[in-house]
Amino acid sequence: MVEKYSWITIVPIFAGLVFSAWYFMIGGLLVSGLNFTNAVMALILGNIILLGIFYKYGGLGQKLNASSSQIASSLFGTHGSKYFFSVLLSIGQIGWFAIIADIGGRALSNVSFLSSNMGVVVYAIITIFIAIAGIRVMSYVKGFLTVATMGLALMGLNNALRAPVIYPEEESLFFSGVGIVIASVISFCTVTPDYMRYLGSRKHVFLSSFFGFFIPALFAGFLEIMFTITIRTWNLT
């Protein structure tokens, strides 16, 4: 029997997903090609779609008390899930983890004596140990890091707003911006059942998705939009 947790336990894990250097870049990418209003609207619409995916697909984990691989077995069969889906899922998550490790590792090297490559290695090892420690430990660590990141981001925004404001010279398509937002998190959506399975009700699924992902994603994206239009770069590392 899977141990159940409150939605509050899952919230820091999802919030930690968006309060990170790589997701902060998403808002910057939006405003680099869209005006301020369209960038904000693309951020909102993209995250509304992602919220729906979190709730509907992730909610299957809670409803069926099953992991993403177990859910896939009903679609692909036992062997199809074991080989095809698992390999596909692994490749997607390896790519996602590699991006996070690269961004986080380079940021770590900037504030330490480590080289860029060693920063990536150390960051990856720390992340692996946190994952092995389990949901509760992951929640505590992510909660602390989320609060710390929010504080630093707000301090940075306060300084950035004193700089001259810039706007993109050419406007991109609105739905290209929406696509950027969706693509930034869609890989993680495939494993949301692995977290939602620990929740006790559909209400908790929605609360963890809304307060853990949707609200933090809008806040983080908006912060980076403001950063980019004031400091002339979307790359925080």
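Sequential numbering of the sequence shown, starting at 74, is according to the working numbering. Just so it is clear, CB atoms sit at the ideal spot from N, CA and C, and this is done for glycine as well. Here the structure is a predicted model, which is why all the values come from computation and not from measurement.
Three-way DSSP call (helix, strand, coil) for residue i in this model
i	result
TYR78	strand
SER140	coil
ASN111	helix
GLY207	coil
SER146	helix
VAL258	helix
VAL264	coil
PHE92	coil
VAL184	coil
LEU124	helix
LEU116	helix
ILE103	The question names Ile, yet the displayed sequence has Leu at residue 103. Helix, per DSSP.
LEU291	helix
LEU296	helix
LEU246	coil
Residues that DSSP places opposite residue i in a beta bridge
i	result
LEU272	TYR78
Residue i vs residue j beta-carbon contact at 7 Å
i	j	result
VAL251	GLY119	yes
GLY177	THR265	no
ASN111	PHE292	no
ILE167	TRP95	no
TYR271	TYR78	yes
LEU124	PHE287	yes
VAL104	ILE302	yes
PHE92	GLU297	no
LEU102	ILE253	yes
Cβ shell of residue i (< 8 Å), same chain only, five flanking positions each side left out
i	result
ARG275	GLY132, GLN135 and LYS136
SER141	GLY134, LEU162, THR263, VAL264, THR265, PRO266 and ASP267
ALA197	PHE170, ALA174 and GLY178
Proximal residues to residue i (C-beta, below 7 Å), its chain only, five neighbours per side dropped
i	result
ASN190	none
ILE126	CYS262
TRP80	LEU272, HIS277, LEU280 and SER281
GLN269	Here residue 269 turns out to be Met, not Gln, going by the sequence shown. Excluding sequence neighbours, MET269 sits near GLY131, GLY132, GLY134, GLN135 and VAL278.
SER188	SER182
ILE122	ILE255
Chain D within 7 Å of residue i, Cβ atoms only
i	result
PRO289	Judged by its chain identifiers, the structure shown contains no chain D, having just a single protein chain.
Close beta carbons around residue i, own chain, < 6 Å, minus the five adjacent residues each side
i	result
SER257	ILE99
ILE144	LEU133 and PRO266
ALA209	Reading off the sequence shown, one finds Arg at residue 209, where the question assumed Ala. Same-chain partners within the cutoff: there are none.
Residue i beta carbon near the ligand FMN (any heavy atom closer than 6 Å)
i	result
ILE288	As far as ligands go, the structure on display features none, and thus does not contain the ligand FMN.
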